[in-house]
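In the numbering used here, the protein residues as written are 9 to 596. Using N, Cα and C, we set each Cβ at its ideal position, and we do this for glycine too. See below for the structure under consideration.
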Amino acid sequence: MPPAPSGSGTLIFFHPDLGIGGAERLIVDAAVGLQQRGHRVIIFTNRCDADHCFDECRDGTLDVRVRANSPIPSSVCNRLAILCAITRQLQLILQLSLSGELSSLKPRAFIVDQLSAALPLLRSLYTDIPILFYCHFPDLLLARGRTASLVKRIYRLPFDWLEEWSMTFSHMVAVNSRFTRSVVCATWPRLAHVVAIDVVYPCVDTDPDPPAEDWATAVALLGNLVLSINRFERKKDIALAIRAFAALPTADRDGVRLVLAGGHDRRVSENAEYHAELQTLSDSLRLSHQTIDSPDSATALTSATSSCSSSSSPPQVLFLLSIPNGLKAALLASANLVVYTPANEHFGIVPLEAMLASRPVLAADSGGPVETVRDGTTGWLRDPDDVSAWSAAMREALTLSDTDRAAMGAEAAARVRKSFGRHVMAQRLDHLLSLADVVAKMRAPARLASPITLGLLVLFFLFGTTLSAAFVHHGKRIAAVKPIFTFVYTHIFYSQSPTCFAGDPETRDDVISTPPSTTGDRLSPRSRLQVDSEIHLSTASSSNLIQFPAPKGQTLTAPSPIPNYASTHSSTTPTHQMARLNQPPRSP
Numbered sequence: 009m010p011p012a013p014s015g016s017g018t019l020i021f022f023h024p025d026l027g028i029g030g031a032e033r034l035i036v037d038a039a040v041g042l043q044q045r046g047h048r049v050i051i052f053t054n055r056c057d058a059d060h061c062f063d064e065c066r067d068g069t070l071d072v073r074v075r076a077n078s079p080i081p082s083s084v085c086n087r088l089a090i091l092c093a094i095t096r097q098l099q100l101i102l103q104l105s106l107s108g109e110l111s112s113l114k115p116r117a118f119i120v121d122q123l124s125a126a127l128p129l130l131r132s133l134y135t136d137i138p139i140l141f142y143c144h145f146p147d148l149l150l151a152r153g154r155t156a157s158l159v160k161r162i163y164r165l166p167f168d169w170l171e172e173w174s175m176t177f178s179h180m181v182a183v184n185s186r187f188t189r190s191v192v193c194a195t196w197p198r199l200a201h202v203v204a205i206d207v208v209y210p211c212v213d214t215d216p217d218p219p220a221e222d223w224a225t226a227v228a229l230l231g232n233l234v235l236s237i238n239r240f241e242r243k244k245d246i247a248l249a250i251r252a253f254a255a256l257p258t259a260d261r262d263g264v265r266l267v268l269a270g271g272h273d274r275r276v277s278e279n280a281e282y283h284a285e286l287q288t289l290s291d292s293l294r295l296s297h298q299t300i301d302s303p304d305s306a307t308a309l310t311s312a313t314s315s316c317s318s319s320s321s322p323p324q325v326l327f328l329l330s331i332p333n334g335l336k337a338a339l340l341a342s343a344n345l346v347v348y349t350p351a352n353e354h355f356g357i358v359p360l361e362a363m364l365a366s367r368p369v370l371a372a373d374s375g376g377p378v379e380t381v382r383d384g385t386t387g388w389l390r391d392p393d394d395v396s397a398w399s400a401a402m403r404e405a406l407t408l409s410d411t412d413r414a415a416m417g418a419e420a421a422a423r424v425r426k427s428f429g430r431h432v433m434a435q436r437l438d439h440l441l442s443l444a445d446v447v448a449k450m451r452a453p454a455r456l457a458s459p460i461t462l463g464l465l466v467l468f469f470l471f472g473t474t475l476s477a478a479f480v481h482h483g484k485r486i487a488a489v490k491p492i493f494t495f496v497y498t499h500i501f502y503s504q505s506p507t508c509f510a511g512d513p514e515t516r517d518d519v520i521s522t523p524p525s526t527t528g529d530r531l532s533p534r535s536r537l538q539v540d541s542e543i544h545l546s547t548a549s550s551s552n553l554i555q556f557p558a559p560k561g562q563t564l565t566a567p568s569p570i571p572n573y574a575s576t577h578s579s580t581t582p583t584h585q586m587a588r589l590n591q592p593p594r595s596p
C-alpha cells in the first residue's frame, strides 16, 4: 500500500441504493481502490441490504453507513420514482449536515454519482470542499429511450433541466468512456464550459480466482464455444450473434456451439419475450437449440446437456439463463471467442472480463468497446449492421492456430492489467480529486440560486407532479399545452448554451432541435454562460493537463497529470456511432 496522502480528511461517497449492479460495482471498486492508496473512505447511502450487496459492503472492507432510511418510498404506486429518489437524497444530506456527523468527519472531498440534484445544496453547505460527480450516462436519455407517454415526457422536463443545472455545481465531472463524454457534451453543451469533464474507466478484478474444477469440467464437455454474455434485452442485440453464427459455412460450425448466457428475470416481461424471439429466430435459421434455466451446479449443467445430446445431435445454440459466477468464469476461460453485440454501449465490462481471461473478443465498432478492444490485436471490431462481417470474424477466430490464439490472448490480458485494473482507476480518481481541489479554491463560494431560478424550479416540480397525478389516464387532455411548454423550456433555459469544448460530436435528433450538419461543423455557438467567478477550462488535445488561467497575471500550476489513457483517440464520437444512437433495437 502506498503511503497515506498528504491531504487530511475523509473521502465521502454518496450513493442512493448500494445494491448489486454496474454502478454499485464501480462505486465499490473506486472506494476500495482509494482506500488502498491510503485514504480514509466512507460511503453514505439511503439503503444497503446485507443480503443484496457486494461482499466488500458487508465484510468490513468498506465503512458503509446507512442514514435517512425514512418512510419516503422509492415510488408512489410505481410512479414518481425520480422525485422520490431526489427527495431521499436531499434528506440524507440534510440529516448528515444537521446532526453534525458530516462535519465531524472533516471531509476532504465529496464523490457523488447517479443523482446530481443535491449538488447545489451540498455545495452551499460546504463551500470549500471539492465535489466530483460521476456521470454514468445522462438520465434524460435513458428515460427517453423507454416508451413514454406524453404525460411522462412533460413530467420529466423539470427533472431533465435539473439534471444539467445541478451538475454545474460540481467542481469536476467524471464519465465512464470517451463515448459517454461525447454524448454528455452533445446533450448538455453548456456544461463543458462550466465544469471539466474527464474519463475514469470502470475496472475489473485483475487477480480473480481460477474457475472451480467442477464447473471447468462441465464446460469442457460442451466442446468449442462461441460465447455471448448479456442480459436478455432487445437493446443487447443478441440476435446478431445468432445470425452471424448461422451464416458460417456448415463445415466451420461442426463441433462448435453458440452459448448465449446472461441475466434473465421471469418478472421482467421483456426477458421472457426476447428469449422466445431468439428461439424462434434459431428455428427459422435451422439451428437446433436448448435452454437451461438457472443451472445451480456443475452436475445440473452436465445432466441437462447430456440428456439432450443422448436423444439427438448436440444443440447448436445453448441458452443459459441466470448463470452463477462460477459458471460464468468457466465459460470465459474455455471460449474460443467472446462476442459482444450491443451497439453504442456506454462502456461494456464483458469485453474486459473476456480479455482478462485471454479470450479474443468480437464487438461492435461503436461505444465503449472501441476504447477497450484493439482491432486485430486483442480481437475484432465490426459494424453491427453487417452480419457478413461478423460471420467472417467468427470464422477467422475459430480457425486461428493455437499459437496465434495464445498470442492474442496474452496481449489482451496484458492490456487489461495495464489499463483497466483497480489501481489505475483509483490513481485516476485521485488525480481528478486533486484537480477538483484546485478548482474549489479558485471559485467563489456558490450561491444556491437566484430567487427567480428557485421559483421556476419549484413551479416545474409542482407542474410535473400535478400533471403526473391528475392526468395519468387522460394524456390527451394536455396535448394542447405541449408546444407552449416546449417553447418556454427550450428558449428560456437553453438560450445561453455555448458550444461543447470536448470535441465536435454530431448533433442528435433527440438532443438538439436543429438537424446535424453534414459537414461536421460545431454546434452553433451561443452567448457564454456567466457564473460566479467565471472559470474557463480547456483540455489540450495532446495532454491531460487541464489549464487554469491564473488571475492578475499570476502563474497557477495544477497537479502533475498522470498518463492519459483516454487521449490515444479523439474524444469525439464517429458520425456512424452517433447516427445509430437513436435507432431502435433491431427485431430478431
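Whose C-beta lies closer than 6 Å to the C-beta of glycine 3 among residues of the same chain, with five residues either side of it excluded? Residue 3 lies beyond the range of the chain shown here (9 to 596); nothing can be said about it.
Given a cut-off of 7 Å on the beta-carbon distance, is the pair isoleucine 119 and arginine 96 in contact? Taking the first residue of the sequence shown as position 1, residue 119 is located at position 111. Taking the first residue of the sequence shown as position 1, residue 96 is located at position 88. Against a cut-off of 7 Å, the Cβ pair of arginine 96 and isoleucine 119 comes out as no contact.
So what does DSSP say about isoleucine 119, is it helix, strand or coil? Stepping through the sequence shown from its first residue, residue 119 is reached at position 111. In this structure, isoleucine 119 counts as strand in the three-state DSSP scheme.
Option in Leu104, Ala126, Pro115 with minimal Cα separation from glutamine 90: Indexing the sequence shown from 1 puts residue 90 at position 82. This sequence places isoleucine at residue 90; glutamine is not what is there. Nearest option by C-alpha distance: Ala126.
Reduced DSSP secondary structure (H/G/I, E/B, other) of asparagine 232: Reading the sequence shown from its first residue, position 224 is the one you call residue 232. Asparagine 232: strand per DSSP, three-state reduction.
Here's the rule: buried if 16 or more other CB atoms are within 10 angstroms of the residue's CB, otherwise exposed. What is threonine 313? Working through the sequence shown from its first residue, we reach residue 313 at position 305. Buried: at least 16 other Cβ atoms inside 10 Å.
If we count Cβ pairs, one from each stretch, closer than 8 Å, do we get three or more for the stretch 196-205 versus the stretch 215-232? Fewer than three pairs of CB atoms, one per stretch, sit closer than 8 Å, so the stretch 196-205 makes no contact with the stretch 215-232.
Could you check where the beta strand (DSSP E) with asparagine 54 kicks off and where it finishes? For the purposes of this step, residue 54 is taken as the residue at position 46 of the sequence shown. From DSSP, the beta strand (DSSP E) with asparagine 54 extends over 48-55.
Output the boundary residues of the alpha helix (DSSP H) element that contains arginine 251. Counting from 1 along the sequence shown, the entry for residue 251 is found at position 243. Residues 247-254.
Give the secondary structure of glutamine 44 by DSSP, where H, G and I count as helix, E and B as strand, and everything else as coil. Here residue 44 is taken as the residue at index 36 of the sequence shown, counted from 1. Residue state, collapsed to three classes: helix.
Going by alpha carbons, who is nearest to valine 369 out of Pro218, Ala249, Glu278? For the purposes of this step, residue 369 is taken as the residue at position 361 of the sequence shown. That would be Ala249, whose Cα lies nearest to the Cα of valine 369.
Presumed contact (8 Å Cβ cut-off) between proline 210 and phenylalanine 355, rounded CB distance: Taking the first residue of the sequence shown as 1, we reach residue 210 at position 202. Taking the first residue of the sequence shown as 1, we reach residue 355 at position 347. About 6 Å separates the two Cβ atoms, so the contact holds.
Cβ-Cβ separation, proline 323 to serine 296 (assumed contact under 8 Å), whole Å: Counted from its first residue, the sequence shown places residue 296 at position 288. Counted from its first residue, the sequence shown places residue 323 at position 315. Sure, about 5 Å apart at Cβ, within 8 Å.
DSSP beta-bridge partners of valine 203: Position 195 of the sequence shown, counted from the start, is the residue given in the question as residue 203. The partner list for valine 203 (beta bridge, DSSP) is empty, contrary to what the question assumes.
DSSP three-state call for alanine 566: helix, strand or coil? Along the sequence shown, one-based indexing puts residue 566 at 558. Bear in mind that the predicted position of alanine 566 carries a pLDDT of just 46, short of 50, making it too unreliable to give a figure here.
Have a look at lysine 336 and alanine 405 and give me their C-alpha separation to the nearest angstrom. In the sequence shown, the residue the question calls residue 336 occupies position 328. In the sequence shown, the residue the question calls residue 405 occupies position 397. Their backbone Cα atoms lie some 20 Å apart in a straight line.
Per the DSSP calculation, isoleucine 20 is bridged to which residue(s)? Within the sequence shown, the letter at position 12 stands for residue 20. For isoleucine 20, which the question treats as bridged, DSSP gives the partners Ile50, Phe118.
Beta-carbon gap between alanine 362 and proline 392 smaller than 7 Å: For the purposes of this step, residue 362 is taken as the residue at position 354 of the sequence shown. For the purposes of this step, residue 392 is taken as the residue at position 384 of the sequence shown. Judged by beta-carbon spacing, proline 392 lies beyond the 7 Å limit of alanine 362, meaning their Cβ atoms are not closer than that value.
Let me know the beta strand (DSSP E) ranges lying completely inside the stretch 288-367, each 3 residues or longer, listed in chain order. List check, beta strand (DSSP E) in window: 297-301, 325-329, 345-348.
Starting from isoleucine 162, trace the beta strand (DSSP E) in both directions and tell me its first and last residue. Numbered from its first residue, the sequence shown carries residue 162 at position 154. Not the beta strand (DSSP E): isoleucine 162 falls in the alpha helix (DSSP H), residues 158-175.
Backbone secondary structure at tyrosine 134 - three-state DSSP: For the purposes of this step, residue 134 is taken as the residue at position 126 of the sequence shown. Coil, per DSSP.
DSSP on tryptophan 196, reduced to helix/strand/coil? Indexing the sequence shown from 1 puts residue 196 at position 188. Reduced to three states, the DSSP call for tryptophan 196 is coil.
Where does glycine 384 land, buried or exposed, given buried means 16+ other C-beta within 10 angstroms? Looking up residue 384 in the sequence shown gives position 376. Under this definition glycine 384 is an exposed residue.
Through-space distance from phenylalanine 327 to glutamine 298, alpha-carbon basis: The residue you call residue 298 lines up with position 290 of the sequence shown. The residue you call residue 327 lines up with position 319 of the sequence shown. Rounded to whole angstroms, the gap between the alpha carbons of glutamine 298 and phenylalanine 327 is 6 Å.
Here's the rule I'm using: 16 or more other beta-carbon atoms within 10 Å means buried, otherwise exposed. How should lysine 244 be labelled? Translated into the one-based positions of the sequence shown, residue 244 becomes position 236. Classification of lysine 244: buried, given that the 10 Å Cβ count is 16 or more.
Member of Asp37, Leu100, Thr53 whose CA lies at the smallest distance from the CA of aspartate 25: Against the sequence shown, residue 25 aligns to sequence position 17. Closest by alpha carbon: Thr53.
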